[in-house]
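A.B. asks: One structure, pasted below without further comment.
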Amino acid sequence: MDNPLGRTVRHSDEFDPALLFPIPRAQARVRLGLRDPLPFEGIDRWRCYEVAWLDKRGFPTLAIATIEYPASSPMLVESKSLKLFLGSMNFTRFDSVSDVISAIEEPLRRLLGVKEVSVAIEPVSDWGEARIVLPPGECIDETEISGHHAVRLKASDDVVTETLHSNLLRSLCPVTGQPDWGTLVVRYTGKKLDRASLLSHLVIHRSYQGFHEECCERLFADIARACVPSSLWVGCFYTRRGGIDINPERWIPGSDRAIISGRLPRQ
12 MDNPLGRTVR HSDEFDPALL FPIPRAQARV RLGLRDPLPF EGIDRWRCYE
62 VAWLDKRGFP TLAIATIEYP ASSPMLVESK SLKLFLGSMN FTRFDSVSDV
112 ISAIEEPLRR LLGVKEVSVA IEPVSDWGEA RIVLPPGECI DETEISGHHA
162 VRLKASDDVV TETLHSNLLR SLCPVTGQPD WGTLVVRYTG KKLDRASLLS
212 HLVIHRSYQG FHEECCERLF ADIARACVPS SLWVGCFYTR RGGIDINPER
262 WIPGSDRAII SGRLPRQ
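Here is the structure:
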């Protein structure tokens, strides 16, 4: 299958794993100067809000699915192809939820080239427990900055441990040029980041063309160079497009990760 992004495609009512489209990570990483061994571990977490299939009686069943796979996979999955793939399940009968999970996991394992793909299904009966949470740490969005020109990320010699976030994360799809919005969260121990330069860096990033995963890795690399951290975790929590929100996280091995037990308000 060719990349469906930016093209008109026909919806399929027959379950079709061939709709999934892989994107190699290597090209973006070479562009960022990232080579093996990678300076981070990470996961990509996708929440899919438009998941439906037929139960063994032939009756429609709805759920929210969370898909996770490691940043070490040689491929990532293109989001529109995942939407089309999940949509192709709508008129397929499955005997159990475990069969649905297997039907999603197995094609993704083959596509991504890794075994560590997990799918969690959240049925309608559990939706009342869903939580909307605020991003952790201190918001930097009210920090005063001068102009919107490129600014090198700066840090003082003081070593601190802190968690910061900004709701001004924005980037452009490299295929369609359409904007993607999100929230950046950074938890680190290292030289104290200058908040004005970090915010300016994010303002400039608003015009960067890259998939969500590349943007997270770019910001991770830029922040790591500035604060020389002993511990660093970076999460990019993007808003929903096509019924899916994408949440890449990258961290230095052994770092303290922020666990966000819910979805952010804009998601």
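For the sequence shown, position 227 matches number 238 in our numbering, and the numbering has no gaps at all. All C-beta atoms, glycine included, are put in the ideal place defined by N, C-alpha and C.
Report the rounded CA-to-CA distance for residue 75 versus residue 256, giving the unit in angstroms.
C.D. replies: For residue 75 and residue 256, the distance between alpha carbons rounds to 11 Å.
A.B. asks: Please classify residue 188: does DSSP put it in a helix, a strand, or coil?
C.D. replies: In the structure shown, residue 188 sits in coil (DSSP, three-state: anything other than H, G, I, E or B).
A.B. asks: Expressed to the nearest angstrom, what Euclidean distance is found between the alpha-carbon atoms of residue 244 and residue 234?
C.D. replies: Cα-Cα distance, rounded: 10 Å.
A.B. asks: Given a cut-off of 8 Å, decide if residue 43 and residue 144 are closer than it, judged by their beta-carbon atoms.
C.D. replies: For residue 144 and residue 43, no; Cβs fall outside 8 Å.
A.B. asks: Going by C-alpha distance, which of 49, 92, 40 and 25 is nearest residue 64?
C.D. replies: Comparing Cα-Cα distances from residue 64 to each of 49, 92, 40 and 25, the minimum goes to 25.
A.B. asks: Can you give the beta carbon distance from residue 166 to residue 205, rounded, assuming they're within the 8 Å contact cut?
C.D. replies: About 6 Å separates the two Cβ atoms, so the contact holds.
A.B. asks: Between the region 73-91 and the region 144-158, can you find at least three pairs of beta-carbon atoms closer than 8 Å?
C.D. replies: As far as the Cβ criterion goes, the region 144-158 does not touch the region 73-91, which means the pair count is below three.
A.B. asks: Got a sec? Which residues, its chain only, sit under 6 Å from residue 259 by beta carbon, not counting five neighbours each side?
C.D. replies: 55, 223, 224, 227 and 247.
A.B. asks: Are residue 34 and residue 59 close, meaning C-beta to C-beta below 8 Å?
C.D. replies: No, the pair does not count as a contact, with Cβ atoms beyond the cut-off.
A.B. asks: Which stretch, first to last residue, makes up the alpha helix (DSSP H) that contains residue 98?
C.D. replies: Here the alpha helix (DSSP H) through residue 98 covers 90-98.
A.B. asks: Measuring alpha carbon to alpha carbon, tell me which of 220, 106 and 216 ends up nearest residue 180.
C.D. replies: Here the closest residue by C-alpha is 216.
A.B. asks: From the DSSP output, read off the bridge partner residues of residue 176.
C.D. replies: Residue 176 is bridged to 150 and 196.
A.B. asks: I'd like to confirm the pairing. Which residues does DSSP put opposite residue 280 in its beta bridges?
C.D. replies: The chain is shown only over 12 to 278; residue 280 falls outside these bounds and no answer can be derived.
A.B. asks: Quick check on residue 239: does DSSP put it in helix, strand or coil?
C.D. replies: In this structure, residue 239 counts as coil in the three-state DSSP scheme.
A.B. asks: Use the C-beta contact count for residue 126: other C-beta atoms within 10 angstroms, 16 or more gives buried, fewer gives exposed.
C.D. replies: By the neighbour-count rule (16 or more Cβ atoms within 10 Å), residue 126 is not buried but exposed.
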